[in-house]
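For reference, the structure discussed in these notes is given below.
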Amino acid sequence: MERDRVTHLLLVPTMIQPAMKKPRDPGSLQTIIYGASPITEAVLDRAMAALPSVSFVQAYGMTELSPLATINPARYHAVENRHLGKLRSAGRASFCTEVRIVDPEGRELPRGEVGEVAVRGPNVMLGYWNKPQQTAQADRDGWMQTGDGAYMDEDGFIFIVDRVKDMIISGGENVYCGEVENALAQHPAVQACAVIGIPDARWGEAVHAVVVRMPGNDSGADALIAHCKTLIAGYKCPRSVEFVEALPLSGAGKVLKTALRAPYWSGRERRVA
């Protein structure tokens with residue numbers, strides 16, 4: 104960055120987190136575009152505080168969309184615009200795309216209701232190579248089903264709540280992992296975290312947190328759970344916490360929740376994968 108005077112960066116949140124341990128602005132940096140996986144508000148706040156002269160922009164999409172669906176521009180990240188409530192949004196439809204929130208039958212839902220993000224436009228893939236059945240499931244009349252659960256506000260901004268398959272149903276209540284992760288990340292002991300559902304005889308699924316602690320911090324599970332209870336409803340808070348040295352990541356920097364869930368659901372008739 105210093106040698107080539109880099110001005111713009113495209114990063115995933117798992118790249119931003121370690122960079123905040125020893126932040127260093129090369130002086131040329133103007134914009135950081137982030138995406139590919141959710142970012143917690145705590146990590147974003149640390150990054151913006153460490154790099155006050157840098158603009159932050161969120162881009163949301165997927166490979167099948169070549170790859171963009173929505174953008175949340177820098178002005179909605181600015182401190183003076185926080186009152187607009189768009190910081191945690193993935194933004195509005197980008198150029199050439201249409202975005203809507205649909206129910207399992209593909210019907211558009213009213214603003215504010217959680218459903219699946221569907222995207223239409225010339226950027227949508229033609230199909231999965233030699234997989235017509237998978238293509239038909241993903242592409243419904245030209246609308247790409249993203250697999251992401253979200254709601255849309257009155258201004259057309261979408262707010263991602265979870266991957267549809269990652270949502271936890273505990274005692275009949277829907278728990279969105281992203282909300283729990285955002286609460287956990289606000290604790291000073293948490294460097295990185297992931298929330299999953301694990302089997303529970305009473306509740307069906309229980310909320311379980313996997314946490315990487317900040318170096319030198321030995322806060323325990325009870326402290327993190329108590330912290331979460333000050334921010335979110337009790338039924339959403341982790342019932343158990345596991346501490347690890349690092350989270351498993353894909354080549355794109357996404358947390359592999361399938362790998363985290365595997366030990367808990369192995370050998371069971373009902374599995375979350």
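My numbering puts the first residue of the sequence shown at 104, with every later residue one more than the last. Ideal Cβ placement from N, Cα and C applies to all residues, glycine included. Treat the numbers as computed from the prediction; the structure is a model and nothing was measured.
Handout entry: Distance between Arg-195 and Glu-257 (C-alpha atoms, nearest Å)
Key = By 1-based counting over the sequence shown, the position of residue 257 is 154. By 1-based counting over the sequence shown, the position of residue 195 is 92. One C-alpha to the other measures close to 11 angstroms.
Handout entry: Val-76 versus Gly-370, Met-165, Arg-178 and Asn-277, residue with shortest Cα-Cα distance
Key = Look at the range of the chain in this structure, 104 to 376, and you will see that residue 76 is not part of it.
Practice task
Ignore the nearest five residues each way along the sequence and tell me which others in Ser-158's own chain have a CB closer than 6 angstroms to its CB.
Solution key: Sequence index remark: in the sequence shown, residue 158 carries index 55 (1-based). The residues are Thr-134 and Ala-177.
Practice task
Would you tell me roughly how many angstroms separate the C-alpha atoms of Phe-346 and Arg-127, rounded to the nearest one?
Solution key: The residue labelled residue 346 in the question sits at position 243 within the sequence shown. The residue labelled residue 127 in the question sits at position 24 within the sequence shown. When rounded, the distance between both Cα atoms is 28 angstroms.
Problem - Exposure of Arg-374, with buried meaning 16 or more beta-carbon neighbours within 10 Å - result: As a position in the sequence shown, residue 374 is number 271, starting the count at 1. Low confidence applies to Arg-374: its pLDDT is 46, below 50, so where it sits in the model is not reliable enough to give any reading.
Exercise for the section: Kindly indicate the opening and closing residues of the beta strand (DSSP E) around Val-222. Expected result: Indexing the sequence shown from 1 puts residue 222 at position 119. Per DSSP, Val-222 belongs to the beta strand (DSSP E) from 218-223.
Practice task
Could you tell me if Ala-376 is buried or exposed, where buried requires 16 or more neighbouring beta carbons within 10 angstroms of its beta carbon?
Solution key: Locating residue 376 in the sequence shown gives position 273, counting from the first residue. Note on Ala-376: pLDDT 38, under 50, position unreliable in the model; no value is reported.
Problem - Inside the stretch 217-301 only - alpha helix (DSSP H) runs reaching at least 4 residues - result: For the stretch 217-301, whole alpha helix (DSSP H) runs of length 4 or above, ordered along the chain, are 235-241 and 280-288.
Exercise for the section: Return the chain-ordered list of same chain residues with a C-beta closer than 6 angstroms to the C-beta of Ser-192, the five sequence neighbours on each side being excluded. Expected result: By one-based count along the sequence shown, residue 192 stands at place 89. If the five residues before and after Ser-192 are omitted, its C-beta is found closer than 6 angstroms to the C-beta atoms of Asn-175, Phe-260 and Phe-262, all from its own chain and listed in chain order.
Exercise for the section: Would you mind sorting Gly-300 into buried or exposed? The rule is 16 or more other CB atoms within 10 Å of its CB. Expected result: Looking up residue 300 in the sequence shown gives position 197. Buried is the call here.
Handout entry: For Gly-307 and Ile-272, believed in contact at Cβ under 8 angstroms, the rounded distance
Key = As a working note, residue 272 is residue 169 in the sequence shown. As a working note, residue 307 is residue 204 in the sequence shown. The C-beta distance from Ile-272 to Gly-307 rounds to 6 angstroms, short enough to meet the 8 angstroms contact threshold.
Handout entry: Cα-Cα separation between Glu-167 and Ser-343, rounded to whole angstroms
Key = Residue 167 sits at position 64 when you count from the first residue of the sequence shown. Residue 343 sits at position 240 when you count from the first residue of the sequence shown. C-alpha separation (whole angstroms): 36 angstroms.
Practice task
Inspect the CB distances between the stretch 218-236 and the stretch 150-157 and report whether three or more fall short of 8 angstroms.
Solution key: no
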